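Q: Got a structure here, written out as structure tokens. Questions coming.
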Amino acid sequence: MNLTLNSSISIGPINIQKDKKHFIVEDKNSGEFYEMPEICIEAIHLMNDGMALGEIEQFLKGKYPDEEVDLLDFAKQLMELQLIAEIDGVKIDIHEKGKEEHGFQWVSPKLGKFFFNQVSLVVYSIFFVGIILMFILEPSLFPHYKDLFIFHLLAFNIPGWLILSFILVMIHEFGHILAVRSFNLPTKLGIGHRLFLVVLETDMSSVWKLPSKDRNVLFLAGLCFDTTILFFVLLAQLIFADGPFIFLGFLKLAALDIFIRMIYQCCFYMKTDIYYVIENLTGCYNLMENAEQVIRNKLPFIKSVRQNEVVFDEEKRTVHMYALFYFVGVGLTLLLFFGYFIPQVVTALTTIDHCFSYGPSSYHFWNAVFSTLQLLIGLLLLLYSLRKKYILKRF
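In the working numbering, the protein residues as written are 352 to 746.
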């Protein structure tokens, strides 16, 4: 059906709420959310009042003389988003977008509110300050790359770390789940990847139903649980300083894993939990994509297949500031890479080389064999991830 300026259209079931700078529009059929400026929201209201597109365009041009108003183009965008229900009284067949079922309805909102309320947030802040004080007063608690190697046999260290890391990541994600459920919202747990590591990800799409001031709790919930565990892990190292070697080894490995994950959250070139907090505080959504666009404009030799993002005029300063933090995140990644990852790999390779010298009749030799297989699997997964991310996307 062709759209003209004489057309009258009505919008399907949506929910509109005011955000910091613009408005968030929820498509109730699909559960998807869109950010729109005030002029678009007023156009939608006039459409639902039965005014023709041409009449709306003339009205908005008079009210917003500095804005570029093209109602036909806007209506076509709404059509592509499947937000239009009728055109000139004729109903539009809207294809179902596959709204997904959500789980964790069994988690009581009361349980979520127990962990996330005004008192608990103060407690989490105290734990964070306590971590900093312990690092300052007892520098030996600061995680070291050798904390990965808690077993004498190298082949046991990577599986031990993977199991412990999985448990800690589950606790991190369950923090997000409890925070979402504290507002009686649905959520689900999915699987994603970061480089060559398989990671768990909590669906946070329902966060857009909440006012801006309430969203940060959901974004920071995982870090709140990380902070709590790290605080007690460091405290346990102080209390049980003369405890069993293997017990202290697991405490140090847990501190190393959580510390690296918390630093990783500050890698602003990725969409981490802290990234979403910054987006929410500034009210500038698609912040990373817009910052990448700024960087590409400044560095024309960097090519991308991304389409140009729309940047509102009032957001440009924030986007430019974030572009600087983008490089800070890259710097933090390099620090983690050279401060932890490279030394760990060098230590592992040195140990493997030494163990191979014992010959097949020694358990040291087979320790080296199984350790080498683990490293090769990790390398293959890394190459697969890089191929999937940077090569296949080009096509």
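Ideal Cβ positions, reconstructed from N, Cα and C, are used throughout, including at glycine.
Treat the numbers as computed from the prediction; the structure is a model and nothing was measured.
(1) Of all the options Met621, Glu630, Glu489 and Ser516, which has the alpha carbon lying nearest to the alpha carbon of Ala587?
(2) Let me know if Ala519 comes out buried or exposed under the rule of 16 or more other beta-carbons within 10 Å of its beta-carbon.
(3) Could you give the residue range of the beta strand (DSSP E) that holds Gln428?
(4) What distance in whole Å lies between the Cβ atoms of Val458 and Leu571, which are believed to be in contact at a cut-off of 8 Å?
(5) Please confirm whether Ile392 and Phe384 have their CB atoms less than 8 Å apart.
(6) Using 8 Å for Cβ pairs, my map puts His527 next to Leu499. What's the rounded Cβ distance?
(7) Which partner residues of Thr538 appear in the DSSP bridge assignment?
(8) Shortest alpha-carbon distance to Leu607 belongs to which of Val584, Lys464, Leu422 and Tyr620?
(9) Would you say Leu571 faces chain B, with C-beta separation under 8 Å as the test?
(10) Taking the C-alpha atoms as reference points, what is the distance between Ser708 and Leu726?
(11) CB-CB under 8 Å to Phe425, same chain, minus the five flanking residues each way: which ones, in chain order?
(12) Does the beta-carbon of Thr538 have 16 or more other beta-carbons within 10 angstroms, so that it is buried, or is it exposed?
(13) Exposed or buried, what is Ile501 when buried is set at 16 or more other beta-carbons lying within 10 Å of its beta-carbon?
(14) Which runs of the alpha helix (DSSP H) at least 4 residues long sit entirely within the stretch 675-720? Give them in chain order.
(15) Using 10 angstroms around the beta-carbon of Val681, count the other beta-carbons present and answer buried if the total reaches 16, otherwise exposed.
(16) Which residues bound the alpha helix (DSSP H) around Asn631?
(17) Under a Cβ-count criterion, where at least 16 other Cβ atoms within 10 Å of its own Cβ denotes burial, should Phe582 be classed as buried or exposed?
(18) Ends of the beta strand (DSSP E) at Asn366?
(19) Whole-angstrom Cβ separation of Leu551 and Glu524, contact assumed at under 8 Å?
(20) How many angstroms separate the CA atom of Leu423 from the CA atom of Met430?
(21) Counting Cβ pairs, one atom from each stretch, are 3 or more of them under 8 Å apart for the stretch 620-627 and the stretch 635-646?
(22) Just reading off the alpha helix (DSSP H) that Phe517 is part of, what are its end residues?
(23) Considering only their Cβ atoms, is the gap separating Pro494 from Ile610 smaller than 8 Å?
(24) Go ahead and label Tyr714 buried or exposed: buried means 16 or more other beta carbons lie within 10 angstroms of its beta carbon, across all protein chains shown.
(25) Would the beta-carbon of Gly413 fall within 8 Å of that of Ser359?
(26) Which first and last residues belong to the alpha helix (DSSP H) in which Asp565 is found?
(27) Just the C-alpha distance for Leu404 and Asn357, rounded to the nearest angstrom, thanks.
(28) With 16 as the cutoff for other CB atoms within 10 Å, does Phe576 come out buried or exposed?
(29) Tell me which same chain residues have a C-beta within less than 7 Å of the C-beta of Glu437, skipping the five on either side of it?
(30) Would you report the Cα separation of Lys506 and Gln616, rounded to the nearest angstrom?
(31) In chain order, what residues of the same chain have a beta carbon less than 6 Å from the beta carbon of Leu734, not counting five sequence neighbours either side?
(32) In the structure shown, what three-state DSSP assignment does Ala642 receive?
A: If we stick to the structure as given:
(1) Glu489
(2) Note on residue identity: the sequence assigns Leu, not Ala, to residue 519. The residue in question, Leu519, is buried, as its Cβ has 16 or more Cβ neighbours within 10 Å.
(3) Run containing Gln428: none in the beta strand (DSSP E); it sits in the alpha helix (DSSP H), Leu422 to Glu431.
(4) That belief does not hold up - the Cβ atoms of Leu571 and Val458 are roughly 18 Å apart, past 8 Å.
(5) Cβ atoms of Ile392 and Phe384: not closer than 8 Å.
(6) At roughly 26 Å, the Cβ-Cβ gap does not stay under 8 Å, so His527 and Leu499 are not in contact.
(7) Per the DSSP secondary-structure output, Thr538 pairs in a beta bridge with Gly454.
(8) Looking at the Cα atoms, Val584 is the closest of the given residues.
(9) The structure shown has no chain B; it contains just one protein chain.
(10) 19 Å
(11) Same-chain partners within the cutoff: Cys391 and Ala394.
(12) buried
(13) buried
(14) Taken in chain order, the unbroken stretches of alpha helix (DSSP H) that lie wholly in the stretch 675-720 and span 4 residues or more are 693-707.
(15) exposed
(16) Asp624 to Thr633
(17) Burial call: buried.
(18) Ile365 to Lys369
(19) 5 Å
(20) 10 Å
(21) yes
(22) That run of the alpha helix (DSSP H) goes Leu505 to Ser533.
(23) Correcting the residue identity first, residue 610 is Phe in this sequence and not Ile. The answer is yes: Cβ separation under 8 Å.
(24) exposed
(25) no
(26) Ser563 to Ile590
(27) Rounded to the nearest whole angstrom, the C-alpha separation of Leu404 and Asn357 is 6 Å.
(28) That one is buried.
(29) Ile360, Ser361 and Ile443
(30) As written in the sequence, residue 506 is Ala, which differs from the Lys given in the question. Distance between the alpha carbons of Ala506 and Gln616 is about 29 Å.
(31) none
(32) helix
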